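>
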Amino acid sequence: MIAKMPTTPAPHHAKVQAKHWPKPQPAEISEEDDASSISELREAAKGCRRCPLWRDATQTVFGEGPDNAKVIFVGEQPGDQEDLAGQPFVGPAGKVFDAILYDAGVDRLAVYVTNAFKHFKFEPRGKRRIHSKPNAGEVQACRWWIDQEFDLIKPNLAVALGATAALSLLGKAIPVTKMRGQVIEREGGLRVFI
0 MIAKMPTTPA
10 PHHAKVQAKH
20 WPKPQPAEIS
30 EEDDASSISE
40 LREAAKGCRR
50 CPLWRDATQT
60 VFGEGPDNAK
70 VIFVGEQPGD
80 QEDLAGQPFV
90 GPAGKVFDAI
100 LYDAGVDRLA
110 VYVTNAFKHF
120 KFEPRGKRRI
130 HSKPNAGEVQ
140 ACRWWIDQEF
150 DLIKPNLAVA
160 LGATAALSLL
170 GKAIPVTKMR
180 GQVIEREGGL
190 RVFI
């Protein structure tokens, strides 16, 4: 059975929804509060309204893996398949990622995988949803979630899978093509592999 792709409401209907539907409540965990576990943080992320990306996404796609993982892999954002499934790295890029882990002898169940953004940002093109790069404001808004994940898991190493993931982890843009293969120490001592 093929899942139907979500559709974006017509502009008129979107205005009516915004005017008459109740505004969603912000996440239960604020910047002043910290979650005590990954499961608590995952639950709070379901109500995330830190940036407008939640409006068009099907659901929040939170990280997966052991809460004591020594390595965290960070991608940019969920893709279309991840948004529909609610899991990170299950689409075409996830298949490549799994193959690379397998070839390297790394058990995916032993690492934590997440994205810098918890919602899929896209542009509708016909019946398809095409990936769209998050902007600087969205990077800043979503960085809080990634920082919380790192505070709870306390990994030895983070692997940035791309420029946007590196920006989210390091707080500054870096030339990924020049820095590829290098390890940069993040504030607090966490090593980030580019």
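In terms of numbering that gives the first Met the number 0, the sequence shown is residues 0 to 193. Ideal placement from N, C-alpha and C gives every residue a C-beta, glycine not left out. The structure displayed is predicted, hence computed values, not measured ones.
Below 7 Å between beta carbons: does that hold for valine 112 and phenylalanine 72?
yes
> Could you give the DSSP three-state label for alanine 34: helix, strand or coil?
coil
> Candidates Pro154, Leu169, Gly46, Thr163: which alpha carbon is nearest glutamine 58's?
Gly46
> Let me know the alpha helix (DSSP H) ranges lying completely inside the stretch 136-193, each 4 residues or longer, listed in chain order.
162-169, 175-178
> Rounded to a whole number of angstroms, what is the C-alpha to C-alpha distance between arginine 179 and isoleucine 145?
21 Å
> Is the beta carbon of valine 70 sitting closer than 7 Å to the one on leucine 189?
no
> Return the first residue and the last residue of the alpha helix (DSSP H) that valine 105 is part of.
Valine 105 -> no alpha helix (DSSP H), and no H or E assigned at all.
> Taking the beta strand (DSSP E) that glutamate 122 falls in, what are its first and last residues?
121-124
> Check glutamine 76 in the structure and name its three-state DSSP category.
coil
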